[in-house]
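Chemist: Residue numbering for the first sequence follows our numbering, starting at 1172 and increasing by one per position. Just so you know, even glycine gets a beta-carbon here, dropped at the ideal spot from N, CA and C. Since the structure is predicted, the reported quantities are computational estimates derived from the model, not experimental observations.
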Amino acid sequence: MFRPVKIATWNVNGIRARVGAVGDWLAQHRPDVLCMQETKVVDDDFPFEELTRLGYVVKVSGQAGYNGVAIAASLPVNDVSTGLYDDLVDAERRVISATVGGLRVVNVYVPNGKSVELPSFPEKLRWLERLRVTLDTREDPTKDLVLCGDFNVALEDRDVYDPVRLRGRLHFHPDEHRALGRVLDFGLVDAYRALHAEGGRFSWWDYRGGDFRNNRGLRIDYAFVTRSVAARLSRAEIDVEPRRLPKPSDHTPVLLELS
DNA sequence: ATGGTCGAACCTCGA
């Protein structure tokens, strides 16, 4: 059986606005799997054709206006599921999982949290704990698995443009670090970090204030892999090029290669 | 400089 060797994740910030850029990127890089977040479209209106004509099967879980996740794969897709263990319908359309050529793929769009002062912040922390329970309940850390997506948390000082200024604020709060750490304790390794030690490599930059031009960004998009996958990891990149295009997503893709 | 800019959908919300 063919198994995936190139796996990518990209918060596209509206698939209908981005389908041209996504199609171009798929044609150029030919990943076996692309996980997308913030598709912002109901399933009936998803632009399937633009991706199927490139040879991809696309599984979607979306809603109108916000959130929404999708998995595009060029290999056979099985066992598609949605949601967390206690919300399999996935009212907010934040989780889609599938098995692609023997690799379990869990694609998540973690709640933003809005502000550390608001009730949405502890809800974000609880969501991450529920993700951990979902992994414990439904997945196996001794098997090939990648958990990828937009986690809305920058883990370390080297993952943010100004750790002193940002510490304790949304995306870089110790409670978020503990909550995402609990997810990693399932038995996962940050694939990009396993191969790259340097800071200043980000996956998201605010549209405002010239943040991209000045590289004021955060690394909040990750591919976390189980030990068996980490052992095969040959390459992990953040591809900044799509962020330079006209009308970009505010996030850029993260791409893994396995041997 | 607590501003600024996007996408989606209906003019404001979520990020």
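Measuring only the C-alpha atoms, how far is Met1172 from Asp1311?
Modeler: Met1172 and Asp1311: Cα-Cα distance of roughly 20 Å.
Chemist: Taking 7 Å as the limit between beta carbons, can you name the residues of its chain near Arg1372, skipping five residues before and five after?
Modeler: Taken in chain order, the residues that qualify are Arg1390, Ile1409.
Chemist: In or out: Arg1414 buried (at least 16 other Cβ within 10 Å) or exposed?
Modeler: Buried, because 16 or more other Cβ atoms sit within 10 Å of the Cβ of Arg1414.
Chemist: Arg1379 to Thr1313, Cα distance in whole Å?
Modeler: The alpha-carbon atoms of Arg1379 and Thr1313 are separated by roughly 42 Å.
Chemist: I'd like to confirm the pairing. Which residues does DSSP put opposite Met1207 in its beta bridges?
Modeler: Paired residues: Trp1181, Ala1241.
Chemist: With DSSP as the reference, label Lys1161 as helix, strand or coil.
Modeler: Here the chain covers residues 1172 to 1430 and nothing more, so residue 1161 does not appear.
Chemist: In terms of residues, what are the limits of the beta strand (DSSP E) holding Glu1408?
Modeler: Counting along the chain, the beta strand (DSSP E) containing Glu1408 begins and ends at 1404-1409.
Chemist: Is Leu1274 near Pro1175, with beta carbons less than 8 Å apart?
Modeler: In this structure, Pro1175 lies closer than 8 Å to Leu1274 by Cβ.
Chemist: Under 8 Å, do Leu1197 and Leu1222 count as touching if we go by C-beta distance?
Modeler: In this structure, Leu1222 lies closer than 8 Å to Leu1197 by Cβ.
Chemist: Leaving out five residues before and five after Phe1217 in sequence, what residues of the same chain have Cβ atoms less than 6 Å from its Cβ?
Modeler: Only Val1231 meet the Cβ criterion.
Chemist: Mark Asn1386 as exposed unless 16 or more other C-beta atoms lie within 10 angstroms of its C-beta, in which case mark it buried.
Modeler: The residue in question, Asn1386, is exposed, as its Cβ has fewer than 16 Cβ neighbours within 10 Å.
Chemist: How about the stretch 1289-1298 and the stretch 1185-1195: do they share at least three Cβ pairs that are nearer than 8 Å?
Modeler: Counting Cβ pairs under 8 Å, fewer than three are found: no touch.
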